[in-house]
Amino acid sequence: MFVRLALLLAIPLHCAAAPEPLSLRASLAWGGVARADAPNELRIELLSAVAGQAEIALDDHRPPLHVRVALAPDRGERVVVPVRPDPYRPLAVTVRIGDEPPRRLEIPVRPRADHAVVADVRARGPASAGIATIHPPLSALPETAAAYATIDALILDGEALDAMGGPRRAALGGHLAACGRVAAVAVDPALAAGLRANAGCAGRFLAIVSAPSELDAALAGLVARQAPSGPSTSALSALGASTPAAQDDPVLPVVAFAFVYLLAAPLLVRRTSSPLALLSIPLGATALAVVAWSGTPPRMSVTSWSEAYSGDRTARTFALMQFEGRGRTDALAPLPGAFGQPTIDADAGALALIYRDDRPGVAYLTAPTRLFSRQRLHLAPSSGSALPLTISLEGPVPTVRNHGSDPSPAALLGWRGRRYSVPPLPPGASWQAAAEAEAWHVDDAAERALRSASVVGPPALLLPFTPASMAELPEQVEHTGWLLIRPS
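Numbering (the working numbering), first residue to last: 1 to 488.
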């Protein structure tokens, strides 16, 4: 009797002590403040009592996102997912592991002000006069540079900069390199030098002030200064359309196969009189074509356009990823970590981000493809090292100088509507534009962009360029890129 009672009492105690199958936490950068159509980031922390693959769905997101993360028992996993949340409704996240009941979270989102918004992360910073200011904790700062698009400027001091962790400091460096507005108050000379070294656009969007009393004037100047927008979506698409991968027509192999078949079929028919063989010729040819075509992986290419000012250590990069469909399948490629959530030209289905155990922290992007389809994904701007070339007007004509330790590639110089070919320059060498200009290649999208950037105003330099962020792409992904350098 007492044994049975003890067992009955032990059952609920055992059930209450059972570990939770899935622990889930999620939050947005900036404490949930969002800007319409602007990149943000979602941080998800998972802890599972069992091994399996977590399926994270953001079905209300546009485009819909599905994240797959491999989980080990009692080992926490943390992923940072680039998102574009709707500022006027919660962001719904659903997580499922195997046959376990799904878990659903609704993350609060609040819209930012319509006018300029500044994020002040100083521990003891007074409010800035006349500018809407939010005060997120350091833990709410983004870990991807693209998520800084939510705000118009960032205020920090030496204490906040010292307290930043590695990913957040790297994201801040990327934001600076992408000509993001930053105001630093009372930082020591070493930190100030580091900020200036990372700043793009020749430091035009970095203000370093020695006292809080100077902050309001510096902020007003930063917010009033228009940041360069980079190439438009249509211009980037035109650059992508001019690459060899985009110019290959996916229908041509099918037409070529049909042509060869029409030539070969009569010869095969003449050599056999068996009805079964005659029937098997078209069936076999069709099956062979279907297997060969559908078994070929989708062709993937990336087109990048980078911009820097003369003397900048970093360059802003805009990229277009293209998938050529060979059938209904998923194109799989590692998403360069510097880029954020891509935008899709056409609604071709849900994107998926996959995180693997063999490459921690690297997100693999899958995009559904269809037969003969081309899908374009515009990646958020990123930043990386620029080439050590400068361009200046040291007299009547522009001068190009190589400050690096390696020879520079051949380049093109545009100035006042004229085109010049710049030869490869040895380390320390310089080159000046000659009197004779060359004809433009009007069918080349990159040359059209160079001409547009230099027909009025200062000269510009264009050369082939592969950003460091493209090193994460596999060899089968074709890359074509350019770097445009303007005088500082």
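Backbone N, C-alpha and C fix where the C-beta goes; we use that ideal spot for every residue, glycine too.
- The beta carbon of Asp37 sits closer than 7 Å to those of Arg84, all from its chain and outside the five residues before and after it, given in chain order.
- If you draw a straight line from the Cα of Pro102 to the Cα of Thr94, it is about 7 Å long.
- In this structure, the alpha-carbon of Arg78 lies about 6 Å from that of Ile44.
- Spatial neighbours of Ile151 in its own chain (CB-CB distance under 6 Å, excluding positions within 5 residues in sequence) are listed in chain order as Val117 and Ala119.
- Put simply, of Ala445, Pro409, Ala197 and Gly31 the residue whose alpha carbon is nearest the alpha carbon of Ala241 is Ala445.
- For Val422, the enclosing beta strand (DSSP E) starts and ends at Arg418 to Val422.
- DSSP places Pro167 in the uninterrupted alpha helix (DSSP H) bounded by Gly166 to Ala177.
- At least 8 Å separates the beta-carbon of Pro189 from that of Ala29.
- Here Asp120 carries a strand assignment [DSSP, helix/strand/coil].
- Of the candidates Ala160, Ala34, Phe205 and Ser229, Ala34 places its Cα closest to the Cα of Val109.
- When the Cα atoms are used, Ala224 and Leu46 turn out to be separated by approximately 42 Å.
- The residue from Thr233, Arg196 and Ile155 with its alpha-carbon nearest to that of Ala211 is Ile155.
- Checking the DSSP bridge columns, you'll see Leu58 partnered with Leu65.
- Secondary structure at Asp162: helix, using DSSP grouped into helix, strand and coil.
- Two segments are said to touch when three or more pairs of C-beta atoms, one from each, lie closer than 8 Å; by this definition the stretch 474 to 483 touches the stretch 303 to 313.
- Only residues of its own chain outside the window of five on either side were considered, and among them Gly200 and Ala386 have a CB closer than 6 Å to the CB of Asp312, listed in chain order.
- Taking the Cβ atoms as the reference, Val80 lies roughly 7 Å from Thr144, within the contact range of under 8 Å.
- Closest in C-alpha terms to Ile131, from the list Gly230, Leu219, Leu138 and Pro39, comes Leu219.
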